[in-house]
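A quick write-up on the structure given underneath.
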Amino acid sequence: MNRKLIIRVLGAILGIEAIAMLPAFLIAVFKHEPSGAVLGFCMLGLLIPGAAIWLSVHPAKNSHLRLKEGYLIVGLGWIVLSVGGALPFYFSRLYSTFWDALFESVSGFTTTGATVLTSFEGFPKGLMFWRCTTHWIGGMGVLVLTLALLPKLTGRTSHLVRAESPGPSLSKLVPHTGSTAKILYILYIALTLMEFLALLLCGLSPYDAAIHAMSNAGTGGFSNYGASIAAFDSLAAEIVITVFMFLFGVNFALYYKFLIMEPGKRLLVFFRDEEFRWYFIVTLSCILLLSLFNLACYQNNFWNSLRYSSFQICSVFSTTGFVTWNFNSWPVPSQMLIFFTMFFGACAGSTAGGIKFIRVALLAKMGRRQIRSTGRPRKIEVVRLDGKAVDESMLSQITVFAIVYVFLVLCGGFLLSMEGRFGAMDNLSAALTCVSNVGPAFGALASDFAGYGPFGKIACSFLMLAGRLELFPMLILFSRSIWKTN
607 MNRKLIIRVL
617 GAILGIEAIA
627 MLPAFLIAVF
637 KHEPSGAVLG
647 FCMLGLLIPG
657 AAIWLSVHPA
667 KNSHLRLKEG
677 YLIVGLGWIV
687 LSVGGALPFY
697 FSRLYSTFWD
707 ALFESVSGFT
717 TTGATVLTSF
727 EGFPKGLMFW
737 RCTTHWIGGM
747 GVLVLTLALL
757 PKLTGRTSHL
767 VRAESPGPSL
777 SKLVPHTGST
787 AKILYILYIA
797 LTLMEFLALL
807 LCGLSPYDAA
817 IHAMSNAGTG
827 GFSNYGASIA
837 AFDSLAAEIV
847 ITVFMFLFGV
857 NFALYYKFLI
867 MEPGKRLLVF
877 FRDEEFRWYF
887 IVTLSCILLL
897 SLFNLACYQN
907 NFWNSLRYSS
917 FQICSVFSTT
927 GFVTWNFNSW
937 PVPSQMLIFF
947 TMFFGACAGS
957 TAGGIKFIRV
967 ALLAKMGRRQ
977 IRSTGRPRKI
987 EVVRLDGKAV
997 DESMLSQITV
1007 FAIVYVFLVL
1017 CGGFLLSMEG
1027 RFGAMDNLSA
1037 ALTCVSNVGP
1047 AFGALASDFA
1057 GYGPFGKIAC
1067 SFLMLAGRLE
1077 LFPMLILFSR
1087 SIWKTN
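Numbering (the working numbering) for the sequence shown: 607 to 1092.
Here is the structure:
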């Protein structure tokens, strides 16, 4: 095991996290908030050891990063990142325990958007900005950011992106992984700025627009208002956020192809992609279905039902977690539809969580093939995606992923029930929303997770990390083989 290489990458993560706190620190200083001192102290507390590790630890020349080391760096890196991000929350004394601060940090970086806060009144603007910055950093991935800034950090950097990337396969836009990372972040920044400007035009203040643009970009859902987007009572802002929630659920590789394609053929880039077609069609179908289910809640006004239903469907599919209406007040079929869509997520290569539509599509095709083979056992049918045959080993990996995903949700619900604080469905929905990185749950956990004790918050934090990292980088930390030197 290349320990020096692993330690050096972790040092780089600490340094980058410290630099990412700078905007929040400047806002706190400008607003003359006591949190400025806390943020400054935490910045130095992360930057000094990070820089010391970077300058003092030097791996051997021509050292290469193996796949298991890539998984180890990703798992440990996100734990280190989350602990570092929790420090400003903890030292500000706004959270009663370190486990509360850690939960908030993990929820931010994993773009889950669940919170232990019961009130946002008097919350410092500098710390609120850091809270939403965690969404923005976690959305594209801290290691993607690391490779964009330090592309020559390791030998085979593709293992890092492969272990952290939100989807079943790594898609390089250009031959070099570092260059791909830069392109992804340029697209990410551009879309964030576009939403920021659009929200300004909707009448939001620059601070509110920045907060919600960052949260939306990372498909996280943190807001500086207890009522979330409903606090603005603005149809224009809801439309903008709905559109961008959908856009941030699209594979970013398609945006790159869109830009380099001939002008007359650019829109075809999206609809030629089978995963995008699934995402687009299922989203529209669920919006229409939910709007019909909810008609009675809005006095049979279809347009009002469409307004709130479309927002919530895009919020759940993109795993953003913003809300404009308490969906616990909707009919049972509507709640079941929301619960069902929490599994899906959006597209691979986006900032969303969940199983991803590419896996859902392939699982559906495998199911159809199995049904057909029952009647015609001698016929060999190949599963195809975008007209190309999918390797059977990839199909096996997707099947295992789906099984582990559901198993983790069920185990998480069981562990949370051991505290005895909430009912079975509340705990199960909490486990699902944590693994899928959606944010809001059902019942007593619809607004916050403050009711859980330390064990429940630690369990939820692990589920959120496992969901954001596609399960295996976190689960593999419990394997003895990953820690062996050879």
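Glycine included, every Cβ here is placed at the ideal spot set by N, Cα and C.
Contact set for residue i: own chain, Cβ-Cβ below 8 Å, skip 5 residues either direction
i: Met1070; result: Val712, Ser713, Thr716, Thr718, Ala720, Cys1040, Val1041, Asn1043
i: Ser937; result: According to the sequence provided, residue 937 is Pro. The question's Ser does not apply to it. Excluding residues within five positions, the ones whose Cβ falls inside 8 Å are Phe899, Asn900, Ala902, Cys903.
i: Thr947; result: Cys892, Ile919, Val922, Phe923
i: Gly598; result: Nothing about residue 598 can be read from this structure; the chain reaches only from 607 to 1092.
i: Val689; result: Leu708, Ser711
Backbone CA spacing between residue i and residue j [nearest angstrom]
i: Met627; j: Leu708; result: 16 Å
i: Leu1083; j: Ala1065; result: 15 Å
i: Trp742; j: Asn900; result: 33 Å
i: Thr957; j: Ser999; result: 26 Å
i: Met800; j: Arg990; result: 36 Å
i: Val615; j: Trp660; result: 8 Å
i: Ile845; j: Glu881; result: 24 Å
i: Ala657; j: Lys610; result: 14 Å
i: Tyr862; j: Glu710; result: 33 Å
i: Arg737; j: Phe697; result: 14 Å
i: Ser911; j: Ser897; result: 5 Å
i: Gly651; j: Leu687; result: 13 Å
i: Ala842; j: Arg975; result: 45 Å
i: Gly1029; j: Tyr831; result: 27 Å
i: Phe1055; j: Arg913; result: 27 Å
i: Asp706; j: Lys994; result: 47 Å
i: Asp992; j: Arg878; result: 8 Å
i: Ser829; j: Ala796; result: 21 Å
i: Leu620; j: Gln905; result: 53 Å
i: Asn608; j: Lys1090; result: 11 Å
Span of the alpha helix (DSSP H) around residue i
i: Gln941; result: 938-947
i: Pro629; result: 628-636
i: Leu731; result: The identity of residue 731 in the sequence shown is Lys, whereas the question assumes Leu. Looking at the DSSP string, the run of the alpha helix (DSSP H) that includes Lys731 is 731-746.
i: Met1070; result: 1060-1074
i: His818; result: 812-823
i: Arg978; result: 963-981
i: Asp1054; result: It is not in any alpha helix (DSSP H) - Asp1054 carries neither H nor E in the DSSP assignment.
i: Met1024; result: Looking at the DSSP string, Met1024 is not in any alpha helix (DSSP H), and its letter there is neither H nor E.
Residues sharing a beta bridge with residue i, DSSP
i: Ala995; result: Arg990
Cβ separation of residue i and residue j, assumed to be a contact under 8 Å, to the nearest whole Å
i: Thr798; j: Met820; result: 7 Å
i: Gly1045; j: Asn1033; result: Gly1045 to Asn1033, Cβ: 16 Å. No contact.
i: Leu793; j: Phe858; result: 5 Å
i: Gly617; j: Val663; result: 7 Å
i: Ser785; j: Gly809; result: Actually they are not in contact, since the Cβ atoms of Ser785 and Gly809 sit about 39 Å apart, beyond 8 Å.
Same chain, Cβ closer than 7 Å to residue i, neighbours up to 5 away in sequence not counted
i: Gly642; result: Phe631, Ala634, Val635, Gly732
i: Lys674; result: Ile1088
i: Gly773; result: For Gly773, the predicted structure reports a pLDDT of 44, less than 50, and the residue's modelled location is therefore unreliable. The matter cannot be settled from this model.
i: Phe917; result: Glu844, Thr848, Thr930
i: Val996; result: Leu968, Val989, Arg990
i: Ala815; result: Phe802, Leu805, Leu806
Sequence-distant residues of its chain with Cβ nearer than 6 Å to residue i (five each side left out)
i: Phe928; result: Gly827, Ser834, Ile835, Ser921
i: Cys648; result: Leu693, Pro694
i: Phe852; result: Cys920
i: Ala1047; result: Ser1035, Ala1036, Thr1039
i: Ser775; result: Low confidence applies here, because Ser775 scores a pLDDT of 45, under 50, leaving its location unreliable; read the following figure in that light. Excluding positions up to five away in sequence, the list is empty.
i: Arg872; result: Phe864
i: Gly1049; result: Asp1032
i: Met1080; result: Gly681, Leu1071, Ala1072
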